[in-house]
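Residue numbers (the numbering used here): 65 to 171.
Think of the CB as a built atom: it goes at the ideal place given N, C-alpha and C, for glycine as much as any other residue.
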Amino acid sequence: IFDLDPKLLDCQGQIWDRVNGYKYWLEELEKNEGGLLNFSLGYQIFGFNKAEGGYTYREWLPNAKQVFLIGEFNGWQNTTPLTSEGFGRWSVFLPEGTVPHRCQVKV
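Here is the structure:
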């Protein structure tokens, strides 16, 4: 690429940083998510999803140390903690009726 456009030589360090960052995350996704395709299907598991007896709420919060789901359903209190599933995933199971339809929530 630098032979085709020598003006890019001034940005060579930044370009290689991006290439190496891409390679790092591609390897992490392969190792932790089963590849980029599986990771791209995250919309199927994140947010509220129907489960037997209730709902599972899941978020991707890679730098979080502790997470709570708060909202009208619990008086906006830190009483509904999420559990780390690894690789930045956090989730909580909510029995049927815990969070009413159209209830406002915040993570």
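Query                                                                                             : Result
6 Å Cβ shell around Phe151 - same chain, five flanking residues per side excluded                 : Asn96
For Phe110, three-class secondary structure by DSSP                                               : coil
C-alpha gap between Cys75 and Pro145, whole angstroms                                             : 45 Å
Rounded straight-line distance, which links the Cα of Arg153 to that of Pro126                    : 7 Å
First and last residue of the uninterrupted alpha helix (DSSP H) at Val83                         : Gln76 to Glu97
Sufficient close CB pairs (3 or more, under 8 Å) joining the region 153-169 to the region 126-142 : yes
Own chain, CB closer than 6 Å to Asn113, minus 5 neighbours either side, in chain order           : Thr120
Under 8 Å between C-beta atoms of Val163 and Val169                                               : yes
Check whether Glu94 and Phe110 have beta carbons under 8 Å apart                                  : no
Collapsed DSSP secondary structure at Glu136 in the structure displayed                           : helix
Proximity below 8 Å, CB of Gly117 to CB of Glu160                                                 : yes
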